[in-house]
Each structure stands twice: as C-alpha cells, then as structure tokens.
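Same order as they appear, the protein sequences are chains A and B. For the first sequence, the numbering used here begins at 769 and goes up steadily by one. For the second sequence, the numbering used here begins at 6 and goes up steadily by one. Taking it in order: structure first as structure tokens, then the write-up.
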Amino acid sequence: MTQFSDTRLAEVRQIIDRYPEGKQKSALIPVLHMAQEDFSGWLSPETMDYVASLLQLEPIEVYEVATFYSMFNTQPVGSHVFEVCHTGPCMLRGSDDIIGYIKGKLGIGVGETTADGLFTLKTVECLGACGYAPMMQLGKHYREHLTPEKVDAIIEECRQSVA
Amino acid sequence: MGRKLLLEKAHIPGIRSYEVYRREGGYASVEKALRMAPADVVEEVKKSGLRGRGGAGFPTGMKWSFLAKPEGVPRYLVCNADESEPGTFKDRYLMEFIPHLLIEGLIAASWALGSNRTYIYIRGEYAWIVDILEQAIAEANANGWLGKNILGTGFDCQIYVQRGAGAYICGEETALIESLEGKRGNPRIKPPFPAVKGLWDCPTVVNNVETLAAVVPILNIGGEEYAKIGVGRSTGTKLISACGNINKPGVYEIDMNISVEEFIYSDEYCGGIAHGKRLKACIPGGSSVPILPANLLLKTAKGETRMMHYEGLADGGFATGSMMGSGGFIILDEDQCIVRHTLTLARFYRHESCGQCSPCREGTGWMEKILNKIEYGKGQLSDIDLLWDIQRKIEGNTICPLGDAAAWPVAAAIRHFRDEFEWHVKNPEESQQRNFGLAHYADALTTV
Ligand SMILES: Cc1cc2nc3c(=O)[nH]c(=O)nc-3n(C[C@H](O)[C@H](O)[C@H](O)COP(=O)(O)O)c2cc1C
Ligand code: SF4
Ligand code: FES
Numbered sequence: 769m770t771q772f773s774d775t776r777l778a779e780v781r782q783i784i785d786r787y788p789e790g791k792q793k794s795a796l797i798p799v800l801h802m803a804q805e806d807f808s809g810w811l812s813p814e815t816m817d818y819v820a821s822l823l824q825l826e827p828i829e830v831y832e833v834a835t836f837y838s839m840f841n842t843q844p845v846g847s848h849v850f851e852v853c854h855t856g857p858c859m860l861r862g863s864d865d866i867i868g869y870i871k872g873k874l875g876i877g878v879g880e881t882t883a884d885g886l887f888t889l890k891t892v893e894c895l896g897a898c899g900y901a902p903m904m905q906l907g908k909h910y911r912e913h914l915t916p917e918k919v920d921a922i923i924e925e926c927r928q929s930v931a
Numbered sequence: 006m007g008r009k010l011l012l013e014k015a016h017i018p019g020i021r022s023y024e025v026y027r028r029e030g031g032y033a034s035v036e037k038a039l040r041m042a043p044a045d046v047v048e049e050v051k052k053s054g055l056r057g058r059g060g061a062g063f064p065t066g067m068k069w070s071f072l073a074k075p076e077g078v079p080r081y082l083v084c085n086a087d088e089s090e091p092g093t094f095k096d097r098y099l100m101e102f103i104p105h106l107l108i109e110g111l112i113a114a115s116w117a118l119g120s121n122r123t124y125i126y127i128r129g130e131y132a133w134i135v136d137i138l139e140q141a142i143a144e145a146n147a148n149g150w151l152g153k154n155i156l157g158t159g160f161d162c163q164i165y166v167q168r169g170a171g172a173y174i175c176g177e178e179t180a181l182i183e184s185l186e187g188k189r190g191n192p193r194i195k196p197p198f199p200a201v202k203g204l205w206d207c208p209t210v211v212n213n214v215e216t217l218a219a220v221v222p223i224l225n226i227g228g229e230e231y232a233k234i235g236v237g238r239s240t241g242t243k244l245i246s247a248c249g250n251i252n253k254p255g256v257y258e259i260d261m262n263i264s265v266e267e268f269i270y271s272d273e274y275c276g277g278i279a280h281g282k283r284l285k286a287c288i289p290g291g292s293s294v295p296i297l298p299a300n301l302l303l304k305t306a307k308g309e310t311r312m313m314h315y316e317g318l319a320d321g322g323f324a325t326g327s328m329m330g331s332g333g334f335i336i337l338d339e340d341q342c343i344v345r346h347t348l349t350l351a352r353f354y355r356h357e358s359c360g361q362c363s364p365c366r367e368g369t370g371w372m373e374k375i376l377n378k379i380e381y382g383k384g385q386l387s388d389i390d391l392l393w394d395i396q397r398k399i400e401g402n403t404i405c406p407l408g409d410a411a412a413w414p415v416a417a418a419i420r421h422f423r424d425e426f427e428w429h430v431k432n433p434e435e436s437q438q439r440n441f442g443l444a445h446y447a448d449a450l451t452t453v
C-alpha cells in the first residue's frame with residue numbers, strides 16, 4: 769500500500785502551513801518530491817493518486833504536473849540514477865567523452881537501466897554547475913570535475929552502498 | 006583588486022553560520038531598514054540604480070514602486086533562485102557560501118514591500134542548498150530576525166523555501182508563480198503584470214537572488230554611495246560565473262568598470278584561455294544572449310575597448326554586440342565547433358519550451374533537427390537560410406521571452422560564423438574529424 773509514514777505526514781502538514789488558507793495545491797511539487805523519494809524513485813499512477821487524495825486534488829492535476837517537470841520519473845528507474853549534463857558549457861569541457869565512458873562501462877545507452885537494476889543513465893540539461901564541468905547529479909548531490917577515474921570510483925561506491 | 010560587496014566575506018571560515026555572519030556585521034541592514042519607512046527603503050534602492058540581476062536588467066527600485074497596494078490584500082515577495090540559464094551558477098555560489106546574505110536582503114526587501122510570507126523558489130536540483138537555506142532561516146528565526154513582531158516593529162515575516170522540479174521555464178516570473186501555485190510552469194499572458202496580479206492573484210514582486218542580496222550593501226553604504234561604483238547606468242558590482250575553456254572557471258564579483266580583456270586574461274579572474282590555446286568566441290551573458298567572435302569581444306566594432314557592464318557588452322546592438330544577461334560567461338577556445346555548441350543550445354531550448362505557443366514549440370524542435378543534420382554532415386547550404394528564417398519567425402511571436410532566447414543564439418551563430426556552417430555542409434566528412442575554427446578563426450583574431 770502506498771502510504772507515507774507518520775513523520776512524513778507531519779512534514780506534509782508543515783508544508784501546507786507555508787501557504788495561506790485554501791492554497792494547499794502549492795504543496796504538490798514538494799509532496800511529489802517526497803513521494804518519489806519514499807516510493808522507489810518514481811511516481812507510479814498509484815502514487816500519484818495517493819498524493820491527489822492527500823492534497824484533495826483531482827488526479828489529473830497531479831498527472832499534469834508530474835509529467836511536466838523533468839525531475840519526476842513516471843517510469844521505474846535503477847537504484848542509482850546518473851544524470852549527466854550535456855549542455856554547451858559542459859560539452860566544451862568533455863561531457864560527451866564522459867557520457868561515452870559511462871555507456872561503455874555500464875553497457876547501457878542513455879535512458880536505459882542495467883539488467884541488475886542498479887544503474888540508470890540519463891542526460892540532462894544544464895544543472896548550474898557549468899564551471900565545474902563535466903558533472904552529473906547523483907541523488908541529492910552533484911559530482912563535479914568528472915574524469916574516467918572518478919566515474920569508476922562513483923560506480924564502485926554505488927555498488928558498495930547496495931551490497 | 007576590484008571592490009567586493011557581496012562576496013567580500015564569503016571566504017571567512019564559518020560565515021555560513023549565524024554567529025560568524027552576525028559577528029562580521031551581518032543583519033545591520035535589517036536593523037537600519039526597520040527604522041526607516043518602507044517607502045524610504047524603496048527610495049534608497051532607487052537611488053542606488055540597482056538593476057535586476059536575473060537577466061533583464063530592469064531597475065529594481067522602479068519595479069518595487071510599481072507594486073500595487075490595495076487595502077486588505079496580501080502582497081508577496083518571491084525570490085527567483087531557479088538559476089537554469091546555461092552558463093549561470095552565481096546564485097548557487099552565493100546561497101551555498103553566504104546564505105545569510107540572501108536571508109538578510111529578503112527581510113529588508115519584505116519590509117520595504119510589505120510581504121509577510123516571502124518565498125524562495127529554488128531549482129529542484131539544488132537540493133542540498135535547500136538545507137543550507139532552511140538552516141539559515143531557522144537561525145534567523147531563533148535570533149528574532151524573522152517571525153512575529155520583528156525588532157518590536159509590529160512587522161511579521163516568514164521566509165519559506167520552495168523547490169522546483171526541473172524546468173528552465175520556471176525561471177520566467179509568471180511561470181515561476183504558476184509553479185509555486187502547484188501547476189505546470191506555463192507562462193501567463195501579460196498584462197496583468199505580477200505587480201498587480203501575481204501569486205494567488207495578489208500583487209507580487211519577483212526578484213533574482215543576487216538582486217535581493219545587493220539590497221544589503223545598498224542599505225549599509227547608502228544608495229548614493231552604491232551608485233558611485235561602476236559606470237553610468239551600470240551601478241554596483243555584478244557576479245559573473247565564468248565557464249568553458251578558461252584556466253579558472255568560477256564565480257567572480259566585478260565592479261562594472263573593467264574591460265572584457267582584463268576579465269578573461271588577468272589572474273584575478275579567468276586567468277586566460279586553458280592549455281595555452283587561443284580565444285575563439287564568447288557568450289558573455291548566459292546561453293540566450295548573442296555569441297561574439299573574439300575580435301568583437303575584446304574590442305567593439307568602433308575599435309574601442311569593450312567593457313564588462315550592461316552598456317559595454319551591448320555596444321553595437323545585436324549586429325556587433327551582445328548583452329550582460331545573467332552574467333553567465335561562456336568561453337570557447339580555438340578547438341571548439343560553433344555548430345556543435347549551437348546545437349546543444351538549440352536542444353536545450355527545445356527541451357525547455359513549455360509548448361504553449363506554436364512558434365516556440367515547433368520552431369525550437371525544427372532548429373534542433375536542422376542543426377543536428379548540419380553537425381552530422383548531412384546538411385545543405387539552403388538549411389542555413391532556413392534556420393535563419395525559422396529563428397526570425399519565432400522572435401517576438403510568443404507569450405514569453407523563451408522564444409527570443411531560443412532564437413538569438415542561433416541568429417548570432419549564423420551572423421558571425423556563417424562560413425563555419427557552410428564549411429560543415431561542404432565538408433561533411435572532414436567536419437566530423439576536426440573543427441573549421443582551427444583553420445580559420447584563430448588566425449583572424451586579436452589576442453593579447
Ligand atoms: C525563459 C526565462 C528564464 C528565466 N530564468 C531566470 C532565472 O533562472 N533566474 C532569474 O532570476 N530570472 C530568470 N528570468 C527572468 C525573470 O523572468 C525575471 O525577470 C527576474 O526574476 C526578475 O528579477 P530581477 O529584476 O531581480 O532580475 C528568466 C526569464 C525567462 C524569460
Ligand atoms: S515562448 Fe515557449 S516557453 Fe514561452 S510560453 Fe511560449 S511555448 Fe512556452
Ligand atoms: S552546462 Fe552542464 S551544468 Fe551548466
């Protein structure tokens with residue numbers, strides 16, 4: 769069953785309190801972030817319906833938002849999502865090579881997940897780290913100044929964290 | 006050394022914490038502001054000549070004075086921390102290293118505008134910065150700078166951080182407001198402007214992070230003093246995030262009275278082009294502003310030294326100049342391919358178009374496809390004219406300026422580097438191996 773823990777529900781109430789009376793729809797994006805974190809890294813139709821009922825919204829209001837923003841996954845993803853930036857400034861500093869290296873190393877293409885379900889590779893547009901390129905987002909944090917050696921270390925670190 | 010007003014203290018150990026920030030003189034501007042009438046704070050900002058640091062450069066004091074004040078209707082201040090323009094990472098730096106500066110500026114500005122609930126809308130990817138800001142807000146609350154009856158003035162104010170979820174368009178102020186209301190980031194048709202009908206249909210001011218942080222030094226030294234820094238209508242200091250093929254990418258605070266040449270080559274700033282290469286081109290104000298070849302970057306078309314301020318970067322208009330924009334300074338060295346770089350930007354705008362207007366939705370996709378064809382050696386000469394034609398038809402024909410932002414980079418690339426596009430088309434195989442710039446542009450350039 770899709771259901772937030774009591775601590776999470778208290779957090780949702782706190783978020784709703786940030787807005788004036790009757791404006792709880794504003795809590796939708798923050799709550800979708802929480803849902804994605806708590807329920808396997810993606811927003812299933814069931815999860816979205818749960819969020820809708822929680823915020824007293826029509827399910828369509830949730831679907832249309834979930835599909836608009838690139839951080840929300842509406843398909844399952846691996847345990848570790850490599851989101852590598854490939855916009856101009858990162859390209860100038862070798863993001864193409866880094867993406868090529870990750871593809872080879874993990875044996876997957878962009879948008880794919882490894883067979884063991886551990887890694888998903890995505891390309892993303894500028895993340896505001898252009899001066900520290902090439903870079904990727906991994907969970908909550910950025911990994912910057914990437915080199916093949918750093919990528920190897922990150923992959924190893926992810927494998928360890930699952931083991 | 007240039008004058009520093011925002012980052013002067015960013016390197017002091019522990020400045021992220023309230024204790025150190027306060028010990029270094031933090032929150033003095035709030036004490037000062039709350040002893041002034043709100044209208045006088047607005048007046049001070051007007052005197053400073055501060056212009057919006059989010060990209061458009063609109064005078065902040067004037068914007069504040071447009072805020073409607075109907076009886077019994079709440080007003081809102083929203084801080085734009087969406088920072089998604091490629092090449093721009095200055096707001097991140099400020100929030101990450103000296104978060105209390107933003108909180109301080111927000112409290113003073115909230116007082117000036119009468120905002121009791123103030124929101125920081127931050128791009129969703131900056132997740133760890135949300136924690137830093139929330140920590141700073143909690144400290145400000147605990148020390149009586151936020152909450153009820155601040156400093157005994159009767160003024161109540163709370164600041165909340167709202168995360169976006171990955172959408173460049175939510176940096177556009179009306180899309181940001183939609184997003185903050187829990188909707189898709191579709192820009193609104195203006196008028197009505199947010200100053201009259203913004204967040205939840207109430208009068209709203211949306212300002213960039215750096216703009217709001219600049220309110221602190223303005224109040225501390227006074228608007229008139231602030232206006233003496235810089236040149237003409239480019240007053241004060243500006244954060245520039247420098248990236249691409251330079252020795253020292255990073256965030257720099259400049260007083261707007263240095264030359265582009267100094268900024269690129271001096272060790273105080275970018276430290277010159279990386280790997281001893283030659284400078285080919287630069288996008289001086291974030292991906293949306295026109296790219297300039299090196300010879301028009303260091304000197305204007307009239308042969309004068311080009312300066313790093315609003316008027317200096319715009320000298321020559323779009324024919325031979327560019328814009329200050331968001332301060333995202335992107336440098337391309339002689340090895341870089343203009344076609345490929347332009348393609349990544351076209352892809353960016355296609356990806357980020359909200360899809361409401363057909364010229365933008367269709368045009369951005371079309372431009373990306375054609376650039377893709379040319380880049381991969383399958384283009385025709387007529388494609389270059391077609392590209393030109395498409396960007397012309399997007400510009401000015403859309404609800405929000407994203408359409409223009411998508412058109413300008415393509416237009417400028419063709420305007421200044423048409424021969425490179427042609428070379429790609431005529432040499433489909435060779436263009437896959439090496440860059441035309443090596444053969445041509447680097448030699449034509451003036452370097453120091
Ligand atoms: C497509 C688009 C994206 C924008 N992105 C940002 C942004 O990320 N940050 C920002 O401060 N302003 C951004 N702006 C400008 C805002 O609409 C608005 O002008 C700005 O926040 C006003 O603040 P300022 O006057 O302090 O600059 C963007 C505008 C457009 C059209
Ligand atoms: S110009 Fe583009 S981004 Fe702006 S409203 Fe139209 S379709 Fe949306
Ligand atoms: S271009 Fe990659 S972080 Fe900006």
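For glycine and all other residues, C-beta sits at the position ideal for the given N, C-alpha and C. Predicted model, so just to flag it, every value in this text is computed and none were measured.
| Asked | Found |
| --- | --- |
| Does any CB atom of chain B fall closer than 9 Å to the CB of A:C926? | no |
| Does the beta-carbon of B:T179 have 16 or more other beta-carbons within 10 angstroms, so that it is buried, or is it exposed? | buried |
| Drop a sphere of 10 angstroms on the beta-carbon of B:N213, count the other beta-carbons inside from all chains shown, and report buried for 16 or more, exposed for fewer. | buried |
| Out of B:S89, B:L82 and B:K398, point me to the one whose CA is closest to B:G291's CA. | B:S89 |
| Taking only the alpha-carbon atoms, compute the straight-line gap between B:G59 and B:A145 and give it to the nearest angstrom. | 25 Å |
| Got a sec: does ligand 5 put a non-hydrogen atom nearer than 8 Å to the Cβ of B:L391? | You won't find ligand 5 in this model; what it holds is ligand 1, ligand 2 and ligand 3. |
| I want to see whether chain A comes within less than 9 Å of B:C359, judged by CB atoms only; does it? | yes |
| Please report the straight-line C-alpha distance between B:V83 and B:C207, rounded to a whole angstrom. | 12 Å |
| Whose Cβ in chain A lies nearer than 7 Å to the Cβ of B:Y165? | R786 |
| At a cut-off of 8 Å, is B:S239 close to ligand 1 when judged by its beta-carbon and the heavy atoms of the ligand? | no |
| Can we count B:P91 as close to ligand 3, meaning its CB is less than 8 Å from some heavy atom? | yes |
| Using the C-alpha atoms, what's the distance from B:C275 back to B:C248? | 9 Å |
| Below 8 Å, is the gap between the Cβ of B:E435 and the nearest heavy atom of ligand 1? | no |
| Between A:I922 and chain B, is there a C-beta pair that is closer than 9 Å? | no |
| Check this for me: beta carbons of B:I137 and B:I251, under 9 Å apart or not? | no |
| In or out: B:T158 buried (at least 16 other Cβ within 10 Å) or exposed? | exposed |
| Taking only beta carbons into account, state which residues of the region 808-832 of chain A come closer than 7 Å to chain B, listed in chain order. | E832 |
| Given that A:F905 touches chain B, what residues does it touch there, using C-beta distances under 8 Å? | Per the sequence shown, the amino acid found at residue 905 of chain A is Gln instead of Phe. Those are E130, listed as they occur along chain B. |
| Who are B:R56's beta bridge partners in DSSP? | B:P64 |
| Can you list, in chain order, the residues of its chain with a C-beta nearer than 7 Å to that of B:R423? Leave out the 5 residues immediately preceding and following it. | I389 |
| Helix, strand or coil for A:Y818 per DSSP? | helix |
| Confirm, please, whether the CB-CB distance from B:W150 to B:I112 is below 9 Å. | yes |
| Could you pull out every residue in the same chain whose Cβ sits closer than 7 Å to the Cβ of B:G330, ignoring the five residues on either side in sequence? | G60, G290, G291, S293 and V294 |
| Reducing DSSP to helix, strand and coil, say where B:V135 ends up. | helix |
| So, are the CB atoms of B:V344 and B:A418 less than 9 Å apart? | yes |
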